[in-house]
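Trainee: Residue numbers (the UniProt record's numbering): 1 to 227.
The structure follows.
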Amino acid sequence: MIPTPTTSHLSAADFESVYEPAEDTFILLDALEQDAELLKGSRLVLEIGSGSGCVSAFLGAICGPSSALYLCTDLNPHAARCTALTGQSNSVPLDPVLTDLTSALHPRLEHAVDLLVFNPPYVETDDAEAFDAQEDGVIERAWAGGIGGMRVTNRLLEQVETLLSPRGIFYLVAVPENKPLQIIEDMKARGLHGEITLKRRAGREHLHILRFSRPAESHTAVDDPTP
1 MIPTPTTSHL
11 SAADFESVYE
21 PAEDTFILLD
31 ALEQDAELLK
41 GSRLVLEIGS
51 GSGCVSAFLG
61 AICGPSSALY
71 LCTDLNPHAA
81 RCTALTGQSN
91 SVPLDPVLTD
101 LTSALHPRLE
111 HAVDLLVFNP
121 PYVETDDAEA
131 FDAQEDGVIE
141 RAWAGGIGGM
151 RVTNRLLEQV
161 ETLLSPRGIF
171 YLVAVPENKP
181 LQIIEDMKAR
191 GLHGEITLKR
201 RAGREHLHIL
211 RFSRPAESHT
221 AVDDPTP
């Protein structure tokens, strides 16, 4: 079992402006751990919206801290600082980039990303709330997702096929309001195979982890773990 990265170096004040690891974080870590053998050998790892840096530090434990380049993007300068500190505290060389999704990295990452991870703001809100949260830089931008909870996610989905390398894999956190099966169908139209690899209830949320890859890649199917 791979230990959860420590974030004890971050304070309560940090978590007033940076998303604290929670159930959606932990189900994502579990999904990544169950695919650990599949992920080893990744050379370029990219997490969108890295927040505390917990997920990227965990990926470093899977792929090897010196075996890959770990890029972590976030709009929040506090998150970039926290990500860097978490990398240092867990002996993983994380490289935070202050940018909107992947804006500062195109086109250098075209078909270069072996492992792409996104835990987006997926909670369904009205679009005005989601827009204001993103513009104002408040903590709500970590979860306010607009109509269908897809305001930010849809923007990244347009980029995924261009980002993934031939062996690339993309993990996405979603809830039923995001229509996971519709996301899978939409990504199929973009040339990517998708499936739900893990489900878990956490309070009122029914969390899903979606995994996408190019159809030519052969991955072992995961049984539906729905209770």
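Glycine included, every Cβ here is placed at the ideal spot set by N, Cα and C.
As the structure is a prediction and not an experimental result, all values here were calculated from the model.
What does the alpha-carbon distance come out to for the pair valine 173 and phenylalanine 212?
Mentor: 12 Å
Trainee: Quick test of the definition: if touching needs 3 or more C-beta pairs under 8 Å, does the segment 163-177 touch the segment 26-35?
Mentor: yes
Trainee: Is the CB-CB distance between aspartate 100 and leucine 71 below 9 Å?
Mentor: Taking a C-beta distance under 9 Å as the contact criterion, aspartate 100 and leucine 71 do not qualify as a contact pair.
Trainee: In chain order, what residues of the same chain lie with their CB nearer than 6 Å to the CB of residue 228, ignoring the 5 residues before and after it?
Mentor: Shown here, the chain extends from 1 to 227; a query on residue 228 therefore has no answer.
Trainee: Taking Cβ positions, are leucine 207 and methionine 187 nearer each other than 9 Å?
Mentor: Not closer than 9 Å, so no.
Trainee: Can you tell me whether arginine 204 is buried or exposed? The criterion is at least 16 other CB atoms within 10 Å of its CB, across all chains shown.
Mentor: Arginine 204 is exposed by the Cβ-count criterion.
Trainee: Roughly how far, in whole angstroms, is the beta-carbon of proline 96 from the beta-carbon of alanine 112, given that I think they are within contact range, below 8 Å?
Mentor: Incorrect: roughly 18 Å between the Cβ atoms, too far for contact.
Trainee: Taking contact to mean at least 3 C-beta pairs separated by less than 8 Å, is the segment 117-124 in contact with the segment 86-94?
Mentor: No, because fewer than three Cβ pairs between the segment 117-124 and the segment 86-94 fall closer than 8 Å, the two stretches do not touch.
Trainee: Using DSSP bridges, identify the partner residues of residue 230.
Mentor: Nothing in the structure corresponds to residue 230, since the chain is present only between 1 and 227.
Trainee: Looking only at DSSP bridge pairs, what is glutamate 195 linked to?
Mentor: Arg211
Trainee: Does the Cβ-Cβ distance between leucine 105 and threonine 73 come in under 9 Å?
Mentor: yes
Trainee: Is histidine 78 helix, strand or coil by DSSP?
Mentor: Histidine 78 sits in a helix when the DSSP states are folded into three classes.
Trainee: Specify, as a first and last residue, the run of the beta strand (DSSP E) that alanine 174 falls within.
Mentor: 164-174
Trainee: What residue range is occupied by the uninterrupted beta strand (DSSP E) comprising valine 117?
Mentor: 113-118
Trainee: Taking buried to mean at least 16 other C-beta atoms within 10 Å of its own C-beta, is histidine 9 buried or exposed?
Mentor: exposed
Trainee: Suppose the cutoff is 7 Å on Cβ atoms and the five residues either side in sequence are ignored; what does the same chain contact list for isoleucine 27 look like?
Mentor: Leu198, Arg200, Leu207 and Ile209
Trainee: With DSSP collapsed to three states, give me the class of valine 160.
Mentor: helix
Trainee: Taking the C-alpha atoms as reference points, what is the distance between valine 175 and valine 55?
Mentor: 19 Å
Trainee: CB leucine 163 to CB arginine 214, shorter than 9 Å?
Mentor: No.
Trainee: Is it buried or exposed for proline 121, if we count other Cβ within 10 angstroms and need 16 for buried?
Mentor: buried
Trainee: Terminal residues of the continuous alpha helix (DSSP H) containing serine 56?
Mentor: 54-63
Trainee: What does DSSP give as the partner residues of histidine 9 in its beta bridges?
Mentor: Histidine 9 is not bridged to any residue.
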